Every structure is written in structure tokens, then in C-alpha cells.
Amino acid sequence: MAKPDEVGYYRQEELLKADHQPPKTGWMETPVDFRPGSYIYPGKAKNLKILGLPNPHEWAVTDADWKLPEDWQRIVLEGMAERLKKYRSFKLFMDTCVRCGACADKCHFFIGGGDPKNMPVLRAELLRSIYRKDFTTLGKVLGKLNGARELTADVIKEWFYYFYQCTECRRCSVFCPFGIDTAEVTMIGRELLGLLGLYINWAIEPVANCYRFGNHLAIPPHGMVDTLEFMVDDIEEATGIRVEVPLNKKGAEILFVPPSGDYVAAPGIYTCMGYLLMFHELGLDYTFSTYASEGGNFGLFTSHEMIKRLNAKIYAEAKRLGVKWILGGECGHMWRVLHQYMNTVNGPADFLEVPKSPITGTVFENARSAKVIHIMEFFADLIRHGKLKLDPSRNDHIRVTFHDSCNPARAMGILEEPRYVIKSVCNNFFEMPENTIREQTFCCGGGAGLGTDENMEMRLRGGLPRGNAVRYVQQRHGVNQLAAMCAIDRATLVTVCDYWAPGVKVTGITELVANATIFKGEKKRTLNLRLEPIPGVHQDEDGKGGQP
Amino acid sequence: MALSDQLREKTVAIADRWLAEALAAYPADSAAAFRRGQDRFANPVGHALREGTRAALEALLDGRPPSEVCAALDEVIKIRAVQEFRPSEALRFVFALKAALRAELKSPPADEAVSADLAELDRRIDQAALEAFDIYMRYRSQIGELRINEVKRSVARLVEQIDRWPDRANGQRSPLVPLECGQSQRGDEA
Ligand code: SF4
Ligand code: SF4
Numbered sequence: 001m002a003k004p005d006e007v008g009y010y011r012q013e014e015l016l017k018a019d020h021q022p023p024k025t026g027w028m029e030t031p032v033d034f035r036p037g038s039y040i041y042p043g044k045a046k047n048l049k050i051l052g053l054p055n056p057h058e059w060a061v062t063d064a065d066w067k068l069p070e071d072w073q074r075i076v077l078e079g080m081a082e083r084l085k086k087y088r089s090f091k092l093f094m095d096t097c098v099r100c101g102a103c104a105d106k107c108h109f110f111i112g113g114g115d116p117k118n119m120p121v122l123r124a125e126l127l128r129s130i131y132r133k134d135f136t137t138l139g140k141v142l143g144k145l146n147g148a149r150e151l152t153a154d155v156i157k158e159w160f161y162y163f164y165q166c167t168e169c170r171r172c173s174v175f176c177p178f179g180i181d182t183a184e185v186t187m188i189g190r191e192l193l194g195l196l197g198l199y200i201n202w203a204i205e206p207v208a209n210c211y212r213f214g215n216h217l218a219i220p221p222h223g224m225v226d227t228l229e230f231m232v233d234d235i236e237e238a239t240g241i242r243v244e245v246p247l248n249k250k251g252a253e254i255l256f257v258p259p260s261g262d263y264v265a266a267p268g269i270y271t272c273m274g275y276l277l278m279f280h281e282l283g284l285d286y287t288f289s290t291y292a293s294e295g296g297n298f299g300l301f302t303s304h305e306m307i308k309r310l311n312a313k314i315y316a317e318a319k320r321l322g323v324k325w326i327l328g329g330e331c332g333h334m335w336r337v338l339h340q341y342m343n344t345v346n347g348p349a350d351f352l353e354v355p356k357s358p359i360t361g362t363v364f365e366n367a368r369s370a371k372v373i374h375i376m377e378f379f380a381d382l383i384r385h386g387k388l389k390l391d392p393s394r395n396d397h398i399r400v401t402f403h404d405s406c407n408p409a410r411a412m413g414i415l416e417e418p419r420y421v422i423k424s425v426c427n428n429f430f431e432m433p434e435n436t437i438r439e440q441t442f443c444c445g446g447g448a449g450l451g452t453d454e455n456m457e458m459r460l461r462g463g464l465p466r467g468n469a470v471r472y473v474q475q476r477h478g479v480n481q482l483a484a485m486c487a488i489d490r491a492t493l494v495t496v497c498d499y500w501a502p503g504v505k506v507t508g509i510t511e512l513v514a515n516a517t518i519f520k521g522e523k524k525r526t527l528n529l530r531l532e533p534i535p536g537v538h539q540d541e542d543g544k545g546g547q548p
Numbered sequence: 001m002a003l004s005d006q007l008r009e010k011t012v013a014i015a016d017r018w019l020a021e022a023l024a025a026y027p028a029d030s031a032a033a034f035r036r037g038q039d040r041f042a043n044p045v046g047h048a049l050r051e052g053t054r055a056a057l058e059a060l061l062d063g064r065p066p067s068e069v070c071a072a073l074d075e076v077i078k079i080r081a082v083q084e085f086r087p088s089e090a091l092r093f094v095f096a097l098k099a100a101l102r103a104e105l106k107s108p109p110a111d112e113a114v115s116a117d118l119a120e121l122d123r124r125i126d127q128a129a130l131e132a133f134d135i136y137m138r139y140r141s142q143i144g145e146l147r148i149n150e151v152k153r154s155v156a157r158l159v160e161q162i163d164r165w166p167d168r169a170n171g172q173r174s175p176l177v178p179l180e181c182g183q184s185q186r187g188d189e190a
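Line order of the protein sequences matches chains A and B. Take 1 as the starting number for the first sequence in my numbering and just add one per residue. Take 1 as the starting number for the second sequence in my numbering and just add one per residue.
Structure follows, in C-alpha cells:
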């Protein structure tokens with residue numbers, strides 16, 4: 001740099017160089033700055049008490065003192081030691097990262113916001129730096145030189161901020177040459193925070209509700225009956241068909257478990273009406289349960305122990321009712337729990353049979369261990385065997401694209417079934433760009449317990465890559481609906497679309513299926529399940545519709 | 001040669017400087033990532049910044065009204081409205097265009113006509129910046145509305161059911177009434 005007594009010092013170029021970069025302290029020393037719109041309110045003490053969790057207490061994210069238990073460092077380190085022993089994956093993920101950076105720009109929160117600590121590698125490093133300090137010889141000796149640091153209260157705050165800015169979507173793991181799954185690091189990070197009584201209310205309240213009522217929304221059994229009966233009325237108005245709602249029916253062949261989001265909020269309710277209609281049409285011997293009334297499991301966003309506690313009801317109810325197998329509704333994370341955890345944490349379900357479609361006879365060998373299949377597998381099989389009478393032209397006013405929900409797509413590989421079903425019931429289907437779908441799908445930004453409203457800016461940043469791809473197909477192909485087979489998506493993507501792709505509505509797939517199905521004994525269909533007039537079908541004066 | 005012709009020849013260089021200024025709002029590693037990625041789906045922020053600043057610059061040099069200059073920045077402003085910036089940080093980059101233009105002028109304009117032209121460009125940039133605040137505020141209030149709409153949507157069906165209930169059950173209370181759906185800042189409030 002030139003000195004003031006040199007000509008170069010006055011070069012216009014130099015004068016114009018303004019440094020707008022924030023001060024460069026290393027990431028380890030820069031304490032977290034809690035910005036409104038980016039954090040979630042703390043778990044209420046009453047919810048922790050209901051669940052018997054440690055250190056229920058009053059605190060706010062913006063408080064200087066989070067009132068940690070006296071020996072909190074010991075609690076965290078012992079908790080870490082225990083989990084390093086218990087979960088081999090966690091130990092591997094702590095040891096393996098070579099900091100190649102392949103994952104760095106793959107997280108939707110980083111892509112949309114640009115906070116370096118939302119790079120998956122740094123998110124994991126928040127925990128790994130403590131691991132190095134206390135669990136590796138080099139870290140103990142070399143300290144910061146080896147990427148190790150002390151466990152301080154600021155570290156805990158930073159964990160809370162960033163582990164609740166991860167939707168556990170696993171996109172980063174797709175790009176990591178070692179398959180390091182930051183979602184699992186986040187899950188452990190959240191468990192460790194939980195040992196200190198630190199939760200987010202948006203996750204721990206549904207958990208507390210689920211623990212007492214069997215569903216996240218604390219809908220009591222009679223409330224559930226009431227809710228479904230209202231749907232029965234609406235279905236009759238739309239189709240002229242009065243469907244029955246089998247509840248707690250002993251000896252039914254199939255236990256049907258939807259996510260509870262489908263009971264109460266649009267657009268999920270239309271998908272729930274779709275379930276009722278389709279099962280009626282097929283004459284399925286199935287039952288809802290007022291006890292296992294929810295397949296969603298916010299335990300997945302809380303701790304492994306909580307997954308188990310909340311999910312126990314599913315097999316227990318299947319056993320009590322004496323069903324043969326379980327059918328899951330359109331949910332994302334529920335599907336991950338039912339298919340990847342349930343058998344190990346609550347099984348073996350040796351009292352159940354391998355799921356077999358009573359209509360087509362197809363045996364779902366893929367579900368041999370867990371005994372549960374996803375409704376899209378079930379529908380795809382029916383359509384494949386020509387068992388549904390479909391008129392896709394009823395959906396001709398819809399130009400639809402499909403959002404692969406993180407859990408069914410990336411965790412479970414259900415990629416083709418939903419596409420096959422959608423294409424069978426809609427004539428106008430358009431894929432979003434390749435690097436935004438299937439295994440590379442972008443999260444809605446509100447999964448893993450982040451789908452509340454106080455962190456709206458965070459969600460919209462995280463939803464940007466998805467919204468951006470939706471708007472692309474909106475502009476290019478006139479797409480006006482986004483289909484998703486996940487209850488969280490059906491809630492959060494409505495907002496993502498309103499901001500990034502205004503004009504695109506969100507729908508469940510079963511809603512599309514039911515709108516395209518020709519039901520036995522239906523009246524002339526002029527209304528869809530939203531009770532909106534179907535474009536292109538006009539209402540006659542006598543109230544009957546007719547093609548123009 | 002008129003000032004805007006002089007500058008138009010340097011559009012690429014000016015746009016590049018301006019983009020660097022806009023990227024400087026982010027930490028260095030993030031700025032580098034936003035600058036690097038060329039795929040509009042993998043790197044939507046970098047893409048919007050690159051396209052937006054280039055289009056706004058062209059509008060400015062073509063002598064189009066400030067509202068059109070600003071409209072080209074709409075997407076960038078929309079993105080900034082959800083990032084963790086204070087309003088001044090979010091929109092500082094609009095003013096930075098002035099410095100980017102000057103940096104590409106060989107020397108300070110001696111000619112009076114040219115300096116008048118430069119003052120006029122400055123004036124239009126200021127005007128565009130003011131309009132950028134309008135757009136920014138529009139998006140900020142939309143975020144508030146989205147929050148409210150989401151909460152409303154989550155209870156709309158329940159409210160409808162409660163409304164419809166008396167017709168069905170002779171005025172009895174719906175079993176859904178005791179549901180709570182409040183959120184609070186502190187962990188203790190019921
Ligand atoms: S799991 Fe998803 S949200 Fe979490 S760090 Fe990886 S990409 Fe980001
Ligand atoms: S891609 Fe895998 S190895 Fe590379 S930095 Fe990310 S986590 Fe580490």
C-alpha cells in the first residue's frame with residue numbers, strides 16, 4: 001500500500017476502494033448475533049414437564065443468561081461421549097470430514113442467505129470443534145491449531161441458532177464424497193441441547209401434544225370424529241357421495257395413518273377428503289385410529305428417544321385392532337420414521353403381515369420388515385393394474401409440477417411412484433430443472449420443526465432455491481400448481497410460493513387423484529374438493545353441470 | 001463523446017465493479033461462492049445479482065427512467081428483504097453504482113458538459129435508490145402479511161367448523177374449541 005507521500009496514494013482507484021466486508025475475526029471467535037426472523041421461540045417449561053425432560057425453565061433466546069444447569073459442561077460432554085459410543089455414524093462423521101468443501105454451497109439456507117455457518121461443513125464443525133478439544137489427543141494438545149475450541153455458553157447459543165437453521169433435509173450428504181450426513185450431526189446437536197432443557201416450542205409443543213393426544217394438534221378423539229364428519233359433508237356436496245369413516249374398527253385389514261396436518265388446514269384437508277373418497281370407492285377394509293391418529297413424529301426433530309416414545313402407538317394400535325398391515329398417508333418425515341426407524345425402535349412387528357393390496361394382489365416386498373407402505377406406492381400399483389376409473393381431463397385447468405419432499409425422495413427413494421400417479425391423473429405435468437428435483441431436491445425451508453412463523457425470513461431464505469425453480473416453470477410452462485406429498489410442505493410451500501412464485505397454488509397428490517376419479521354413483525361433478533367450480537364445466541340452471 | 005457513450009463502452013467493467021460492491025455485503029467466503037456459481041438454480045442469489053445489476057446499468061445508460069432502473073433490481077431487493085441485513089446494508093449497493101461509474105472514467109471530467117451529464121446520472125441513481133426503498137418496504141410488509149396469513153390458514157378450518165357446529169348439534173360447543181395455538185417469546189408463558 002502506498003504512503004501519503006507517494007503519487008500512487010492518490011490514485012482514484014485506491015480512493016474508491018471502500019471496504020464493506022465485515023471485520024474478519026475467525027468464525028470460532030465471532031459470537032452469534034441473534035437476528036429476529038432467524039430464530040425460533042424457546043420450548044415452554046410446561047411442555048418439558050409434560051414429557052419429563054430435564055431443566056424445564058423460563059428463558060428467551062435474547063436473554064444473556066440462558067440459565068443452564070450448574071454442571072452443564074459435564075452434561076454436554078458426557079452426552080457426547082455416550083452418543084459417540086452409541087451411534088457409529090456420529091463418530092464417523094466427527095472423524096471423517098476432509099474439509100473438501102463439496103457440500104459448502106449445497107444447503108438451501110446458505111444458498112439463500114449467505115451465512116457461512118450455514119455451510120454444512122461449518123454447521124458440523126460447530127460440534128466437531130468441541131469433539132476435537134475433548135475427545136481427540138491432537139485437539140487436546142494443539143487446541144485451536146487443530147480446529148479445537150473450548151465449550152463455552154456462547155458455543156451453546158451458537159448451536160441453538162444453527163442447529164435450528166438446519167431442516168435435516170440431507171441434501172448436503174448427496175454431494176459429500178464420504179456421505180457425511182449433516183442432518184445426523186444436527187440431530188445429535190439438538191439432543192445435546194435438550195439435555196440442558198433447550199428446545200424450540202414449535203417442535204416440543206407438538207411432541208407434548210402427541211404424547212398425550214396421539215397427534216401434534218391435541219385433537220381429542222371426539223374432535224377427530226367431528227373433523228372427519230365435516231369432511232364427509234363437504235365430500236357429499238362435491239360428489240353426491242356419502243362416504244363412511246371407519247374409526248377404531250377392530251379386525252380391519254388395514255390401519256390407515258395420515259399426518260394430522262391433513263385433518264385441519266388447507267390444502268391438506270382436501271387430500272384427506274381424497275383419502276376418504278378413494279378408500280370408499282375401492283371398498284377398502286380399513287380403519288382410522290383415534291389413538292394412532294398421527295403418523296407425523298416431531299420426535300425426529302427432538303431426539304432418538306422421543307422418536308421411539310411417540311411412535312410406539314402405531315404398532316401398539318395395529319396390534320390392538322388386529323390389522324394385517326399399515327398404510328401411511330401423504331407425509332414426508334413420517335414416512336422416514338415409519339420406514340426407517342419404526343421396525344428397529346418399536347419392532348419387530350411379527351404380528352403383522354407383509355402388505356398386500358387387496359385389490360391387485362400385489363405384495364409389497366420392499367415393506368417386508370416395517371409392514372407399512374406409502375399411499376403413493378398403493379395408488380401407483382392400482383393405476384398400473386387399471387383399477388381406477390380416471391378422467392384426467394377434469395384436471396386440465398391444472399398445470400402441475402412436483403416437489404420431491406426431502407424425506408420420501410432423498411431418504412427413501414420414492415421418486416417414480418408420485419410422478420407416475422400425477423401423470424396418470426393430470427395431462428399437464430412439468431418437471432422443475434434437474435438439479436432441483438429427485439435426490440437433489442431443494443427443501444421447502446420449513447421442515448424439521450422450523451415451520452413456524454417467527455422465523456419467517458429464515459424460512460423464505462431457505463425456500464428461495466425451491467421457489468426460484470417453481471417460478472421458472474411457472475414462467476416457462478404456465479405452471480399453476482405445485483404438488484407435494486408431505487403435510488409440512490403443504491403448509492410451508494404455500495408461503496414460499498406466495499413470496500417467490502406468486503400465483504402457484506399447493507396441492508396434495510391424493511386431491512388430484514380424487515378430482516380425476518370417476519366414482520360409482522357420483523353426481524355430475526361441477527365442484528372440486530375445494531368446493532370451487534371446475535373450470536370448463538358449467539352449471540346448468542337446474543344445478544346440474546354439463547360440458548360447454 | 002457524450003458521457004453515456006463513453007460509459008456504455010465500459011458496461012462490462014462497470015457492471016463487474018458494481019457486482020463486486022453488491023457482493024461485498026456478504027462475508028468473503030459467501031461472496032466468493034455467489035460470484036463463482038454460474039447455474040441459476042444452484043446459485044440463485046449470484047444469478048439475480050449478476051443479471052439485476054447488469055440490466056439496471058443498461059437501463060441507466062440507455063437513459064430510461066429511474067423506475068425502470070429500479071425495476072431491474074426488483075429480484076435483488078426481494079432477496080435482500082429476507083436476508084439478515086439492516087435496510088441501509090441491504091440497499092447500500094444501489095448507491096455504490098456511482099463509485100463504479102467513476103472508477104471507469106479515465107480522469108475526473110474536465111469538460112463542463114460531461115460533468116453535468118455525470119451529475120444527471122447521479123441524480124437518477126439517487127432517484128432509483130429512493131424507489132428501491134419503496135420496493136424493499138413492500139417486500140418487508142409482505143413478509144409480515146405472510147406470517148399473518150399462515151397463522152390464519154392454520155385455524156381457518158377450525159373456525160369454520162366451530163361456526164357450522166351449532167347447526168349440527170343444537171348449539172353445543174364444538175370439541176375443537178380448547179385447542180391452543182399461541183406462540184410466545186419466552187419459554188414460560190402459557
Ligand atoms: S441437512 Fe439440509 S439443512 Fe442441514 S446442513 Fe445439510 S443441506 Fe443444510
Ligand atoms: S463434502 Fe463431506 S468431506 Fe467435504 S467438507 Fe463437506 S462434509 Fe466434509
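Glycine included, every Cβ here is placed at the ideal spot set by N, Cα and C. These numbers were taken from a predicted model, which means no experiment stands behind them.
- For Y26/B, the chain A residues whose Cβ falls inside 7 Å of its Cβ are G114, in order along the chain.
- Between ligand 2 and R99/A, a heavy atom-to-CB distance of less than 7 Å is present.
- CA-to-CA, the gap between D163/B and A156/B works out to about 10 Å.
- Annotated as proximal: Y41/A and N201/A, with beta-carbon spacing under 8 Å.
- With 16 or more other Cβ atoms from the protein chains shown falling within 10 Å of its own Cβ, G451/A counts as buried.
- Residue contact check for D39/B against chain A: a CB pair falls below 8 Å.
- Look at L464/A here: in three-state DSSP terms it is helix.
- One Cα belongs to E416/A, the other to E253/A, and the distance between them is close to 27 Å.
- CA-CA distance, S424/A to C97/A, rounds to 44 Å.
- For F160/A, the Cβ stays outside the 7 Å cut-off from all heavy atoms of ligand 2.
- With respect to chain B, the C-beta atom of M306/A has no partner C-beta closer than 8 Å.
- Here G112/A is actually not in contact with L493/A; their C-beta atoms are around 15 Å apart, not less than 8 Å.
- Residue burial annotation: G101/A is exposed, with fewer than 16 other C-beta atoms found within 10 angstroms of its C-beta.
- P44/B belongs to the set of residues whose beta carbon lies under 8 Å from a beta carbon in chain A.
- The beta carbon of L49/B does not come within 8 Å of any beta carbon belonging to chain A, so the residue lies off that interface.
- The alpha-carbon separation between K520/A and S357/A amounts to approximately 20 Å.
- The Cβ atoms of A292/A and K324/A do not sit closer than 8 Å to each other.
- Judged by beta-carbon spacing, L145/A lies beyond the 8 Å limit of Q73/A, meaning their Cβ atoms are not closer than that value.
- Under the three-state reduction of DSSP, F442/A is assigned to coil, being neither helix nor strand.
- In the three-state reduction of the DSSP assignment, I254/A falls in the strand class, which pools E and B.
- Distance from the CA of I534/A to the CA of I130/A, rounded to the nearest whole angstrom, comes to 59 Å.
- Boundaries for W59/A: no beta strand (DSSP E) harbours it, and the DSSP string shows neither H nor E there.
- With a cutoff of 7 Å, C176/A counts as near ligand 2, since its C-beta is closer than that to a heavy atom of the ligand.
- The criterion of a C-beta distance shorter than 8 Å is not satisfied by L92/A and V185/A.
- Looking only at E237/A, C107/A and S369/A, the smallest Cα-Cα distance to L122/A is reached by C107/A.
- Between the alpha carbons of A113/B and A99/B lies a gap of roughly 19 Å.
- An exposed status is given to P177/A, since fewer than 16 other beta-carbon atoms sit within 10 Å of its beta-carbon.
- Considering only beta carbons, the part of the region 22 to 55 of chain A lying closer than 7 Å to chain B consists of P22, R35, S38, Y41, P42, G43, K44, A45 and K46, in chain order.
- DSSP, reduced to helix, strand and coil, places W66/A outside both helices and strands of the structure shown, so it counts as coil.
- Note that the region 85 to 97 of chain B touches the region 124 to 132 of chain B; at least 3 beta-carbon pairs, one per stretch, sit closer than 8 Å.
- Nearest Cα to Q475/A within the set R132/A, V400/A, A370/A and W159/A: V400/A.
- Chain A places no beta carbon closer than 8 Å to that of A13/B, leaving this residue out of the contacts.
- Relative to the Cα of D62/B, the nearest Cα in the group E120/B, I135/B and E21/B belongs to E120/B.
- Segment contact: the region 359 to 373 of chain A against the region 471 to 487 of chain A, fewer than three CB-CB distances shorter than 8 Å; contact not assigned.
- Judged by pairs of C-beta atoms under 8 Å, the region 453 to 470 of chain A does not touch the region 379 to 399 of chain A, as fewer than three such pairs exist.
- Secondary structure note for K249/A: it is in no alpha helix (DSSP H), with a DSSP letter that is neither H nor E.
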